[in-house]
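Here the sequence shown stands for residues 1 to 347, numbered as in UniProt numbering. Here's the structure, in structure tokens; my notes come after.
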Amino acid sequence: MKESDGAKDKKSAAFTSRRFFLSPDIMGVMSSNTETKDMRALVREGESISPHTTFGMGGMARYFCEAETPSNIIQFIRYACRNGIPYKIIAGGSNLVVSDRELPFLVIKVNGGEMTVADGAIEVDAGVPLMSLIETAIKNGYGGLETLSGIPGSVGGAIYGNAAAYGQAISERLVDVSVYDPEKDEVNVMAASACGFGYRESAFKHELSNLVILSARFWFEKSNKEGLRQKSEEIIEKRKKKYIPGVRTPGSFFKNLLADELPQHILDKIPNLKDFYGKVPAWYFLNEVGARGMRHGGLRIADFHGNYIINDGNATYEEVRELASLLKQKVREKFGVELEEEIRYLE
């Protein structure tokens, strides 16, 4: 939606009246160039990653820590770099499949943070749950992210994967992000237009994978609070029917496909295509190749949704990779299209 001149003026006023978009927390740690805490004391050894994922899978991390602020993220990365320890970053643990072998690196879990609200703008740390951002927006009558309601994970993870649902994407409301570059030991602010967003994609998955998202700013236009709340509740109810609370799953396993990239003979077979916002659901292809109800080792696919893989309690990482490969092969052989994982593998 194109912004009106009045909206642009309000947006400009909101941001120019705010502090420079590096919080005192970040500015302090960057100016000191030292660990302000004994970071070693905050690093645990031999931590199981399984409880930190929604899939309930993951081996023992050689080292593990939790970063509750952007400055903590920087400090832990500095600690790892200065001690020659490789590291990986996780957040809410959704959309993630972790190897059940020993993980020979430091796992930094980004967990928590703060939000600031002012005149249509919300500034939020990467570790804040996405649902907290959405609830805050709705509470203030800010529309644009309400159809993402119920998506698990953090704001940083949502930006990384450009979370989208029911016609809205997080990138559409994003203004800019603050990122840490470990190689240069510096923090920069990137405009949303420089982040390479696409369907379930961002440059942070590819050419900007060396950068770490610390925080973000969003801009909204005012809307009816009650209408936003009702839409949010409607979406959450839809999700509860598809993603049963408490079930161990990473979420949708494969990405949907863009309709304009598929041949017409496939599109002709799909009913109500207009309901999917220009996408062809991966579950359509998976259902057609008999995925529903399939079992493989400790894994099963829901009998009502072919793109919903469940860990029954003792699934292995190898079984996940085998099942993913088998499903992709079945779809390739029947339809001539290639499914791509939406989840991220960590090994």
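All C-beta atoms in this analysis are idealised placements derived from N, C-alpha and C, irrespective of residue type, glycine included.
| Asked | Found |
| --- | --- |
| What's the C-alpha gap between E114 and E333? | 48 Å |
| Which partner residues of E333 appear in the DSSP bridge assignment? | Paired residue(s): none; E333 is not in a bridge. |
| Is it buried or exposed for D185, if we count other Cβ within 10 angstroms and need 16 for buried? | exposed |
| Which one or two residues does DSSP pair with I266 in a beta bridge? | DSSP, once it has assigned bridges, lists no residue as partnering I266. |
| Taking the alpha carbon of V128 as the reference point, which residue from E340, I90, P104 has its own alpha carbon closest? | I90 |
| Grab the span of the beta strand (DSSP E) containing T116 for me, first residue to last. | 115 to 118 |
| Apart from the five residues on each side of it in sequence, which residues of its chain come closer than 8 Å, Cβ to Cβ, to N311? | F55, G56, M57, R248, T249, G298, L299 |
| Shortest alpha-carbon distance to V189 belongs to which of V179, E183, A165? | V179 |
| What residues in its chain sit with their C-beta under 6 Å from that of T36, if we drop five residues either side in the sequence? | Because T36 carries a pLDDT of 47, less than 50, the predicted location of this residue cannot be relied on, and no value is offered for it. |
| Can you tell me the Cα-Cα spacing of G246 and T53, whole angstroms? | 12 Å |
| Sort S215, G336, L106 by Cα distance to S48 and report the nearest one. | L106 |
| Can you tell which of S132, G196, L211, G278 has the C-alpha that lies nearest to the C-alpha of G112? | S132 |
| Write down the C-beta distance between L103 and M39 rounded to the nearest angstrom, noting that I regard them as a contact closer than 8 Å. | That pair is no contact at about 19 Å. |
| Quick check on the DSSP output: the beta strand (DSSP E) that includes F64 runs from which residue to which? | 60 to 67 |
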